[in-house]
Amino acid sequence: MAPPPGGPHPRAETTPRLSDGGLTGDPLSDVLRMVKLTGALFFVVHASSPWGIEVPPADAFSAIILPRAQHVVSYHIVLKGSGWASVPDIGSTSFHAGDILVFAHGDPYALLSAPGQPPEFDSTGTVRFFRDMAAGRLPFVVEEGGGGPEQAQFVCGYLGCDIRPFNPVLSTLPRLLHVRRGQLASGGLLDRLIELTLAETQTRRIGGDCVRLGLSELMFVEVVRRYLETLPAGQVGWLSGLRDPAIGRVLQMLHDHPAHGWTLNELAERAGVSRAILAERFVHLVGCPPMHYLTLWRMQVAARLLVDKAMKIAAAAHAVGYESEAAFSRAFKKAVGVSPAAWRSHQGASPSEAGRF
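Sequential numbering of the sequence shown, starting at 3, is according to the numbering used here.
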């Protein structure tokens, strides 16, 4: 079926990639680049029993650690010891050395040396801690706890990213992502990144903060990759779609050439499956039909072009496959909730102002 008049236009098989948009041929890398993953706060904690911290919802401290971020993700890599993590309505779960905890959706959470124990830092104290850490008033290695014999050590990372118009990575992660030590292969890239991070704690060198924040971003990407490798059979979500041979191929094609006038028939033919199987399996794994996914991805790419490249609306429309600026503007507003012009205008606003959009 041909695209509607004024909508996304068909192009030849050799449709050029959006090099200006930073697309890579790797859907996970494409998404992480397009959602502006940025290191916000990164430090190491040495804790002695009893220890504990309550972390409030991310919107209570995001303006402190990364004022221009739409969203903040936190993760913790347990280097030594054990403890308990809890998220409202989920309950408590024990963790041990080698485990990884990711809180991707901005929920409040607690990390404690024992379940039910009063935290050393309540939510108010944690916000004050973040303010001091962001201002450089605290060392990179932080000592916490009551001085007891049981020791724990964590790498703590807080990252900013875009959540709108479209962030399929976040949408596929659980509220508490707990990757256990037994699920991970030892001696990989994550271990080397941790070694580099700990080496950076041994001396203060010029540019150290930038190096550590860069390591924080790399660690998070590796954590997501490790999670992808440990997904059980039958799991649904965008990351599971990447792992499926046919759906992964379709996602790569859509990401490689978002301006191409894709049809379900062409995608199915190139993926080597029937149209019916592709439609059913894509919805099952990714959560929406292929053409709807393509529209959302086009809007994410266009949103970045409008802001980062200061591209005119007509040029952004053409770059993601629309011949008509009006058709693109209608599609953008339907998907995002505001017009392209309003989106670009308010990306420079304060978080409180931008939050209205």
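Every residue gets a Cβ at the ideal spot worked out from N, C-alpha and C, and that includes glycine. Keep in mind it's a predicted model, so treat the numbers as computed, not measured.
Using a Cβ-Cβ cut-off of 8 Å (strictly less than) and excluding sequence neighbours within five positions of residue i, which residues of its own chain qualify?
| i | result |
| --- | --- |
| V285 | P291 |
| R177 | V89, I92, F105, A106, H107 and D109 |
| D124 | E56 |
Can you tell me whether DSSP reads residue i as helix, strand or coil?
| i | result |
| --- | --- |
| S341 | coil |
| E56 | strand |
| S94 | strand |
| H262 | coil |
| F63 | coil |
| W286 | For the record, residue 286 in the displayed sequence is His; it is not Trp. In this structure, H286 counts as helix in the three-state DSSP scheme. |
| V33 | helix |
| F156 | strand |
| L230 | helix |
| V144 | strand |
| G236 | coil |
| G274 | coil |
| V223 | helix |
| A99 | coil |
Could you tell me how far apart the beta carbons of residue i and residue j are, in whole angstroms, since I believe they sit closer than 8 Å?
| i | j | result |
| --- | --- | --- |
| A248 | A273 | 4 Å |
| G250 | L244 | 5 Å |
| A316 | L307 | Incorrect: roughly 11 Å between the Cβ atoms, too far for contact. |
| L81 | V223 | Contact flag wrong, Cβ pair sits at about 19 Å. |
| V171 | Y77 | Not confirmed; about 13 Å, so no contact. |
Go ahead and label residue i buried or exposed: buried means 16 or more other beta carbons lie within 10 angstroms of its beta carbon, across all protein chains shown.
| i | result |
| --- | --- |
| R139 | exposed |
| P342 | buried |
| R183 | exposed |
| T174 | buried |
| S64 | buried |
| N169 | buried |
In its own chain, which residues sit with a C-beta less than 6 Å from the C-beta of residue i, not counting the 5 before and 5 after it?
| i | result |
| --- | --- |
| L220 | L195 |
| G100 | R183 |
| F330 | A319 and Y324 |
Spatial neighbours of residue i within its chain, please: CB distance less than 7 Å, with the 5 preceding and 5 following residues excluded, ordered by chain position.
| i | result |
| --- | --- |
| R300 | P260, V322 and G323 |
| G210 | E202 |
| E231 | none |
| G147 | A49, S50, S51, P52, W53 and E122 |
Could one say the Cβ of residue i lies closer than 9 Å to chain B's Cβ atoms, at least one of them?
| i | result |
| --- | --- |
| I165 | Of the chains in the structure shown, none is chain B; there is only one protein chain. |
* **Residue ranges of each beta strand (DSSP E) within the segment 102-128, 3 or longer** => Within the segment 102-128, the beta strand (DSSP E) runs of at least 3 residues that lie entirely inside it are, in chain order, 102-105 and 111-114.
* **Every unbroken alpha helix (DSSP H) within the segment 165-196, with a cutoff of 4 residues, ordered by chain** => For the alpha helix (DSSP H) assignment, the uninterrupted runs of no fewer than 4 residues enclosed by the segment 165-196 are, from N- to C-terminal side, 170-174.
* Would you list, in sequence order, the uninterrupted beta strand (DSSP E) runs of no fewer than 3 residues that lie entirely inside the segment 277-333? => Runs of the beta strand (DSSP E) inside the segment 277-333: none found.
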